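Working notes, beginning with the structure itself.
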Amino acid sequence: MSVRVRYAPSPTGSPHVGNLRTAIYDWLLARKEGGQFLARLEDTDRSPERYVPEGIYDIESSLRFLGILPDEWWVTGGPVGPYVQSERLPLYQEQAERLLASGQAYRCYCTRERLEAVRAMQQQNKQPTGYDRRCRDPKLREEMRLERLEREGAEPSSVVRLAMPREGVTVLHDLIRGDVTFENALQDDQVLLKSDGYPTYFLACPVDDHLMGITHILRGDDWLSSGAKFTHVFKALGFAMPTIVHPPLIVGADKKKLSKRHGATQFTWFIEQGYLPEALINFLVLLGWSAGDENRELFTIPELIARFSLEGLSEHPAVFDYDKLKWMNGHYIRQSEPGRIIGMCLPYLRKAGLIADAPDANAPDAEKEAYRVGTLDYARRVIPLEQGRMKTLAEVTELVGFFFEELDYPHGYEEKAVAKWLRAPYLQPMLRKEIEGYGALGEWTVAGLEAVTRAVGEELDVKFADVIHPTRVATTGRTVGPGLFETLWALGRERVLTRLQTVLERTANGIETPF
RNA sequence: GGGGAUAUCGUCUAGAGGUUAGGACGAGGGAUUUUCAGUCCUUAAACCGGGGUUCGAUUCCCCGUAUCCCUACCA
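Dropping the structure here:
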């Protein structure tokens, strides 16, 4: 039987990185085994805070971003749809009826108030909490129904609860943890069908996994402790239990389940920051899985597909290491074709106001041409110079800002940079010679710029480095950046000469330090 | 309170009944360059505790401890 796995997110907002990691595992497994990867929307909680329509879009775009497109899902449909639980209500109701008919589930008329009171009492007495099974007794149930009927003047609402066996044990066989045994008597009579007619996870998931032919269930370790109820629903329904495995949780530095207070958890944040899909996949996969004794951690997607197996999953929680992710992302940025990075960086530059938006489609040709030459070509020259320094794409604006911003000494110059390098006694002659030399340069090339600069240093009898640093500060306002000659080359003759000239004039009487 | 799971450098992890317990991130040092980044070399850094089993356990078993997860008409 071919492998069929599913990613089953709830649209409670932007997807959590932990859920996406599971989706990646699912996808890798499907690709590795030549099976199918499906996605199903678990939107059975209709409360406003737990049903976020935009979340659906975030889920969809996150999968697209990662390039792990489901073979069957709500976007494209498929043979076992619909792939949205709220559109499958009759299916769950039907199965609930079966359970009711066979006595493996029962209606419960208890009010929320009563449930809360019971729980409060249990907590007060340090008793295990859980439903006291009052309605499991037909007589008491009818009593409760009548009582509410009279009080409310209409047929009272009810839920359907799982009639968990009162004795024996339920064993869940987890692929990586082995048999996990639960005492049935300790399990709660889980609500399967809510009073609003929607199923809970414990009914919807088994029904769908069965109907959709799911062969392997991968779900977070936080589900393991309710495994008995889950397993029992399959059994009660007469459905074969798929292979099940609980990858470890992703946690924060304090070892608690990764949440907002640890930093970003919403996947869309990572996209916005400019993490590359292959970096995210590589990093996330390694958080809870390893290729064994292969001493490496950088894997391409095809390599991951070839190596992935459920057996490689670890069983203890993994701390999300933002630093390592950054390192890995920087690695993949460096590895990328410059064209790709340029394309990915442009939106950040536009957003930061460093470059203008592209002209309209119906703008005059001259305007389009001017944009292409003046803006795009410049950005194309500049961005690759900083490609090696970016850890995230969002950092590009910080890195290349000085190329685009109007530098007008001393405005836009870093105080420390000026203090350190523009106090050089030979500054004035150096600037004058550079202006002359760069101005007279035939072809504006990196080699030509270097030759001129070296010559200036020799004429001044100053070390090469001592020319380079003040020149960098004079033309960029800072001490760090790409190689000086690449920088000058990218800036272009006009900007370089203007900036040098301005500094020359304004430092004629020593350094103005308005700082 | 109850239940479940887990335990190797700070972090992600590899590992085998006998190893110098390996790699990576991060940290320290050095080299290189024109600053930064990168690259290369290098240093420090770990088997939770106690019992067993065994010639020998960090590895297998038990107990303890610690941590996490669940304990909803949420997933």
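In short: position in the first sequence from 1, add 1104, done, that's the numbering used here. All C-beta atoms, glycine included, are put in the ideal place defined by N, C-alpha and C. All figures in this text were calculated on a predicted structure; none of them were measured in a lab.
- When only Cα atoms are considered, TRP1327 and HIS1350 end up about 8 Å apart.
- Assigned with DSSP and collapsed to three states, GLN1208 falls in coil, not helix or strand.
- ILE1321 places its beta carbon less than 7 Å from that of PRO1346.
- Within a 10 Å sphere around the beta-carbon of GLN1294 sit 16 or more other beta-carbons, which makes this residue buried.
- With fewer than 16 other CB atoms across the displayed protein chains lying within 10 angstroms of its CB, GLN1228 is exposed.
- Remark: C-beta atoms of VAL1107 and ALA1134 approach each other more closely than 7 Å.
- Between ASN1288 and PRO1260 a beta carbon distance of about 29 Å is seen, past the 8 Å cut, so the two are scored as non-contacting.
- A Cβ-Cβ separation of about 17 Å leaves ALA1578 out of contact with LEU1545 under the 8 Å criterion.
- Uninterrupted beta strand (DSSP E) stretches at least 3 residues long and entirely within the segment 1238 to 1289 occur at 1263 to 1266, 1273 to 1278, 1282 to 1287, given in chain order.
- Taking GLY1596 as the centre and dropping the five residues before and after it, the same chain places the C-beta of TYR1482, TRP1548 closer than 8 Å to its C-beta, in chain order.
- Under the three-state reduction of DSSP, LYS1361 is assigned to strand.
- As DSSP reads the structure, LEU1145 sits in a beta bridge with VAL1188.
- Around the CB of ASN1399, fewer than 16 other CB atoms lie within 10 Å, so the residue is classed as exposed.
- Assignment of beta-bridge partners to GLN1370 by DSSP yields HIS1120.
- Taking the CA atoms as reference points, ALA1332 sits about 29 Å from GLU1176.
- In the three-state scheme derived from DSSP, where H, G and I count as helix and E and B as strand, TRP1131 is classed as helix.
- Nearest in C-alpha terms to THR1335, of all of MET1316, LYS1359, LEU1362, TYR1305, is TYR1305.
- One Cα belongs to LEU1402, the other to ASN1386, and the distance between them is close to 7 Å.
- Taking the Cα positions, LYS1430 is about 18 Å away from ILE1405.
- If you compare the alpha carbons of TYR1513, GLU1146, VAL1355 with that of THR1611, the shortest gap goes to TYR1513.
- Nearest C-alpha to LEU1458 among HIS1420, ASP1427, GLY1434, GLU1510: GLU1510.
- The beta carbon of ILE1318 sits closer than 7 Å to the beta carbons of ARG1108, VAL1109, ARG1110, PRO1346 from its chain, once the five residues preceding and following it are set aside; these are given in chain order.
- Proximity to LEU1564 across MET1432, LEU1503, PHE1589, TYR1530 peaks at TYR1530, based on C-alpha coordinates.
- VAL1504: not part of any beta strand (DSSP E); member of the alpha helix (DSSP H) spanning 1500 to 1508, first to last residue.
- Judged by DSSP secondary structure, TYR1161 falls within the alpha helix (DSSP H) whose first and last residues are 1157 to 1170.
- Here TYR1161 is exposed. Its C-beta has fewer than 16 other C-beta atoms within 10 Å.
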